[in-house]
Amino acid sequence: MKESLGTTGLILNEPLLWEKGKKGRSGFSLPRRDVESCPLAPELTGEGPDFPDLSEVDVVRHYTRLSQWNFGVDTGMYPLGSCTMKYSPKTNETQAGRPGFTGAHPLLPAGLCQGILRMMFELELYLAEITGMDAATLQPAAGAHGELAGMLLIHGFHRKKGNKRSKIIVPDTAHGTNPASVALCGYRPVPVKSNEQGILSVEAIFDVMDDDTAGIMITNPNTLGLFEENSRKIAEVIHGRGGLVYCDGANMNAVMGVVKMGAIGVDVMHLNLHKTFSTPHGGGGPGSGPVCVKKHLEPFLPVPRVVEENGRYVLSDDYPESIGKLQAFHGSVGVIIKAYSYIRSMGPENLKKASQLAVLNANYIKERLKGVLHLAYDRPCMHECVFSDKHQIDDHITTLDMAKRLMDYGFHPPTVYFPLVVDGAIMMEPTETESKEELDQYIEALKAIVNEAKDDPNLLHGAPNKCKVKRLDETLAARKPCLAG
Amino acid sequence: MHYLPHTAEDIESMLQAVGVEHLDDLFSTVPEDCRLQEGLDLPEALTEWELDEHMAALSNEMAVSPEYRVFMGAGSYEHFIPASVSYLLNRSEFVTSYTPYQPEMSQGTLQAIYEYQTLVARLLGMEVATASHYDGATALAESLLMAVRITGQRKVAVSSLIHPLYRRVVKTYFEPTGYEVLELPYLNTGLTDLSGLDEMDGLAAVAVQSPNFFGCIEDLKAVGEKAHDKDALFVSSFTEALAYGLLINPGSSGADIVCGEGQSLGIPRSFGGPALGMLATGKKYMRKLPGRLVGQTKDLDGKRGFVLTLATREQHIRREKATSNICTNNSLCALAAAMYMASVGGSGIRELALLNHDKAEYLKAQLKKEGFTIPFDSPTFNEFVVEFPPGFEATYARLLKKNTVPGLSLAPYYPELANHYLLCVTETRSKEDMDALVREVRS
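These protein sequence lines are chains A and B, in that order.
This note's numbering numbers the first residue of the first sequence as 792 and each following residue consecutively.
This note's numbering numbers the first residue of the second sequence as 58 and each following residue consecutively.
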C-alpha cells in the first residue's frame, strides 16, 4: 500500500479576532479626505461598532492560519455524495475576476452592460439545450432557491388555470430541501416510498396522484444515485391528472449529453451551477440555481429577463404573469460567469465525457468496495453510490466513526446518514475529476479502516487524530448555544 | 481535456473492473427511449487562450471605474476593497471547501463565520446574527416570514421607502402564503409616514429601511415604539451596511429583527450578485431564525472549537416543518465581509463612514447652490434625491456618452417623482469628480 496521505505537520494556533490587535492600528488605507467635515446631528449618530483594530499583517496571518485548518477540493479528494465536489478550474476565477464584471453596477443602462447581458443570454440558451427545456432564468441564488422558484412557477400556472391545488408529491429519495421548499410555497408535501430497487414505481405514484395535487418533485438521478427508470411513465400519470413534473436537477452532472429531462416529461427543473458546472462551493456558498422550463411555464419566469433585440441585449420587465423577483438584482452573476466559462471550455463532447467519467468513477468505487462495506442497492449506479455500516454493527462501529477515521487518512469523508432511506448511509460521489490512482488510494484507506474496526476499534472511536481539533461536542453546542463572542 | 485525468488505459481497466465494455454501457439503467440520440448543440470547446480573449471582449463592454464615474447606489455601492481582502479570500482552502458538515476538517471556515456573526451582531447592535443569506432582499423576506411565525399574525406593514426591488421580492415570497403586505406611504420630509399604523390591526411586523431608499435616515426609535404599541415586531432593514459605522444602530433603537445587504463590506458589485444577506435578532428568537448558525463548543480534549448548530430548525432534519428551505449561505461573501471589517477596524469604519457622509453632503450642497431642488430635507448618509428641471433626460443621455452615470431615475419606481434622481457618493468619488458632475448638469 502507498504511504497514507494523512500526516501531521506544524499548524499554528490563532486566537479570535478580538483577542488580538490594539486600538489605533489599521489594516486599511483610508481614502484621502478632500472635502470639509460636515457633522451630522448627534442624536442620529452612535458610538460606532466595537470592532478590534488590527494591522494588515495581523489580518493576513489570521486568515492564512485559519485557511490551513480547512480542507478543500484543492487539498484532496472530497467524495461528499450529492454535493458534487469536482475540481473548480482556475481560469474560471480569472474570468469572473475581470474588472469589467466585478465593478459593474446592476442597474446600469442596457447600453453600458452589453457584455454581461450577452453572457447571461447565451448561458440561458446553453442550459436550456443541456436540459432539453425551452427557456431559463439565472436569478435563483442556490439550489433550494431554484426549488422555491420552481414551486412558485407551478403555483402561478395552476392559479392562472383557476385550479386550487394543495399538495405536491415528494418521494423519500428526494433532496432534503424539497419538502421545505414545497411548504414555503403553501403546499403540503405528500411522501411516497421508493420500491425495493430504490426507485419509484408507476403504481405508487398512480395511487397518490389526484386532482388536488399540483405536481411531483422528483430528484433524478435520485439521492441513491439511481436513475428513475419509470420517470417517463410517471410524468404521464402526473400530466394525466393535470399536474406538473418538477425535476430536482442537482444530479444533472451524471447525465449531461445522455438524457434531456425535457424529452422525458419534465416541465420545470433547477440546476446547481456549483455542482454540475464546477463553480466552487466557497465553504457553503455562494451558489447559483438556475431554473429551466418548458414553453407553457415561460410566461411565469422571474423578471427582468434578458431579451435580444437586433443583436443588442436589454432587460425586460414586460411579463405580466411573472412570479416576480427572487433576488433584488439578477442572481449570482459572479458565479454565473464561472459556469459560462466552464461550458465554453468544455464544449459539448467534454460535457458528455465528464458525465460518463463521473459514472465510471462511482461504479468503480461501488464494485471495488461492495465486498468491504454493505452496499445498499446492488445495481448499476449513476454518479454516486450508497453504502452503510450494517457490516460493522457487531464491531460497535458506526458510519460516523468510519467517516472521522477517513480524515486521518487524508480524505474528506463522504456524506453520512443521508439519504434517510438507508440506515447509517455512507454516500460517495467521487466526481469525474478524480484519477484512478486517487480512487485506488481512497479504496485502500477504507479497506484499512474496516480492518481497524475489527482489530482496534478504539482507533475509530477516537478519530480523528490528525486534525486541528479532536471530535467536537455538537450536543453541547446545541444545548448551550454560544453564537457570538 | 485537462480537467479530466483519465487515460484511455485507465478507462479500459476501470470498465473491466465494473464489468462493462463501453462507457455508454454504464447507462444501462437509463431506458432506451430516455436516451439522447444526437450530440448537444453547444459551441465547440475553447482553449484557455481563446477563452481569455472572448471573456476580455465581454468584460470590455461594461461601464466601470475608472473609465466611468457612476453616481449610482440604490442597493449596490462602490467601495474601495483592500488587496489583502481579495488576496486572502482567494485562498483555495476557503474557496474549494463545502458547507462545514465535518467540523474537525473545517475549523477555518467555522471560526471565520463565528467571527463574522459576532462582528455583524456588534455592527447592528443585536445579540445573534446568522451565518448569512442570499442578499438583502431575501433576508428581508425571511425576516418577515420569521415575524409571522413568532407572532402568529398574518399581516405585515412595510414602508414604501424600503428598496422597491426588495419589496417585490417580499411580494413574491408572500404571494402563495396568503399573508398580507400593507404599504406605509412616505411624507414630504422623505421619511416613512407611520400614521396609517393606527388603523392597522393584527400586524406581525412593521418594517422600515434606514437609510431609506431616498437616502434619508429614519427615526428608528419612533418606529420601534409605534410597532411595539401595535404588538408587532420591529423589522429594521438596510441596503448600506457601512452607514452603521456612523449612525446609531438599529439594535439600540429597539429593533427585534435587523436584516439587510452587506455588499458594501468588501464585496465587489458583480452586477448585483453574489451578495450578502445579513440577519440578526435577540437571543429570545434565536431558535426561530432561518439559515445556518455557527456555535462554539469543545472537543474531546476540552479545546475550543466551532460547529454548525441548532440544526433542528433546518430542513434536512425538520423537513417541511423547518424554519426555512435554505441550505446554502453565502459563506464566502460573509468571509469577505469579516476580512473587510477586521481590516477597517473599529476606528477605521467610523472614519470611512464619516467620509462617505461628508462627500455626499458636499455634492448635495454644490447642487443646491446651482439651484437644483433637494426635495426631501431629512438628513441623509451617502445618497440623496435631486429634482432636476423637466427635460433632464437629454442631459442624462449626454452625460452617459461622457462616461458619467448621474444617478438613478426614480420615475420607474415612484411614478409621481418625474425628474427625480437618486445620487450616491462614496469614498471612491473625488471632489474633482463631483465638481465635474455639477458643471455638466448645469450646462
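Just so you know, even glycine gets a beta-carbon here, dropped at the ideal spot from N, CA and C.
Span separating the alpha-carbon of residue i from that of residue j
| i | j | result |
| --- | --- | --- |
| B:PHE137 | B:LEU241 | 35 Å |
| A:TYR917 | A:VAL1036 | 21 Å |
| A:CYS1176 | A:PRO1221 | 9 Å |
| A:PHE997 | A:ALA1026 | 10 Å |
| A:LEU929 | A:GLY797 | 40 Å |
| B:SER327 | B:VAL77 | 46 Å |
| B:GLU101 | B:ILE207 | 54 Å |
| B:GLU450 | B:THR437 | 25 Å |
| B:ALA300 | B:HIS414 | 9 Å |
| B:HIS477 | B:LYS416 | 20 Å |
| B:LYS421 | B:ARG407 | 21 Å |
| A:SER1107 | B:PRO469 | 13 Å |
| A:ILE907 | A:ALA933 | 20 Å |
| B:GLY403 | B:GLU172 | 14 Å |
| A:LEU1092 | A:LEU944 | 7 Å |
| A:VAL826 | A:SER820 | 17 Å |
| A:TRP809 | B:ARG179 | 12 Å |
| A:LEU803 | B:GLN159 | 20 Å |
| A:PRO822 | A:ALA1041 | 44 Å |
| B:THR104 | A:MET1137 | 9 Å |
Nearest-angstrom beta carbon gap, residue j and residue i [assumed within contact, 8 Å]
| i | j | result |
| --- | --- | --- |
| B:VAL265 | B:GLU256 | Going by Cβ atoms, the distance from B:VAL265 to B:GLU256 rounds to 18 Å, so no, they are not a contact pair. |
| B:VAL127 | B:GLU135 | 7 Å |
| B:LEU61 | A:LEU1148 | 6 Å |
| A:GLY818 | A:LEU857 | In fact, because the Cβ distance is near 15 Å, the residues do not count as touching under 8 Å. |
| B:ALA262 | B:VAL292 | 5 Å |
| A:ARG1170 | B:ASP90 | At roughly 19 Å, the Cβ-Cβ gap does not stay under 8 Å, so A:ARG1170 and B:ASP90 are not in contact. |
| B:SER400 | A:GLU847 | 7 Å |
| A:LEU1064 | A:VAL1126 | 6 Å |
| A:GLN886 | B:GLU118 | About 14 Å separates the two Cβ atoms, so there is no contact after all. |
| B:LEU218 | B:PHE270 | 5 Å |
| A:LYS1261 | A:GLY1215 | Not a contact, Cβ separation roughly 22 Å. |
| A:PRO843 | A:GLY815 | The Cβ separation is near 11 Å, so there is no contact. |
| A:PRO1071 | A:GLY937 | Actually they do not touch by this definition, with Cβ atoms about 18 Å apart. |
| B:GLY317 | B:ALA196 | 7 Å |
| A:GLU884 | B:PRO88 | With 8 Å as the limit, A:GLU884 and B:PRO88 do not qualify as a contact, their Cβ atoms being about 39 Å apart. |
Member of the options whose CA lies at the smallest distance from the CA of residue i
| i | options | result |
| --- | --- | --- |
| B:SER310 | B:LEU181, B:LEU248, B:ASN476 and B:GLY319 | B:LEU181 |
| B:VAL284 | B:THR234, B:CYS273, B:SER70 and B:ASP250 | Contrary to the premise, residue 284 of chain B reads as Ala rather than Val in this sequence. When each option's Cα is compared against that of B:ALA284, the closest is B:ASP250. |
| B:ILE170 | B:THR366, B:ARG344 and B:TRP106 | B:THR366 |
| A:GLU805 | A:ASN1141, A:GLY1053, A:TYR854 and A:GLN988 | A:TYR854 |
| B:THR380 | B:LEU411, B:MET396 and B:TYR342 | B:TYR342 |
Residue interval of the alpha helix (DSSP H) (run including residue i)
| i | result |
| --- | --- |
| A:LEU1267 | 1265-1270 |
| B:GLN174 | 164-181 |
| A:GLN784 | Absent from the model: residue 784 of chain A. The displayed extent of chain A is 792 to 1276, so no value can be given. |
| A:GLN1147 | 1124-1160 |
| A:ILE1184 | Unbroken run through A:ILE1184: none, as it is neither H nor E. |
| B:CYS390 | 388-426 |
| A:ILE1114 | Neither: A:ILE1114 is in no alpha helix (DSSP H) and is coded neither H nor E. |
| A:ILE1009 | Segment 1004-1010 is the beta strand (DSSP E) holding A:ILE1009; no alpha helix (DSSP H) there. |
| B:PHE231 | 221-231 |
Check whether residue i and residue j have beta carbons under 8 Å apart
| i | j | result |
| --- | --- | --- |
| B:LEU97 | A:GLU915 | no |
| A:GLY891 | B:SER116 | yes |
| A:GLU849 | A:GLU1089 | A small fix is needed here, since residue 849 of chain A is Asp in this sequence, not Glu. No. Outside cutoff. |
| A:LYS1227 | B:ASP67 | yes |
| A:ARG761 | A:ILE1217 | There is no way to answer for residue 761 of chain A, as the model of chain A reaches only from 792 to 1276. |
| A:TYR1104 | A:ARG909 | yes |
| A:PRO732 | A:THR1014 | Examination of residue 732 of chain A is not possible in this model, given that chain A is present from 792 through 1276 alone. |
| A:LEU801 | A:PRO931 | no |
| B:THR246 | B:ASP434 | yes |
| B:ALA74 | A:TYR1168 | no |
Unbroken beta strand (DSSP E) run spanning residue i, endpoints
| i | result |
| --- | --- |
| B:LEU260 | 260-266 |
| A:ILE1217 | 1216-1219 |
| A:GLN1232 | Looking at the DSSP string, A:GLN1232 is not in any beta strand (DSSP E); the run it does join, the alpha helix (DSSP H), is 1227-1246. |
| A:MET942 | Element bounds for A:MET942: not the beta strand (DSSP E) but the alpha helix (DSSP H), 934-951. |
| A:HIS1061 | 1059-1061 |
| B:THR234 | Careful: B:THR234 lies outside any beta strand (DSSP E) and carries neither H nor E. |
| B:ASP90 | No beta strand (DSSP E) contains B:ASP90, which DSSP labels as neither H nor E. |
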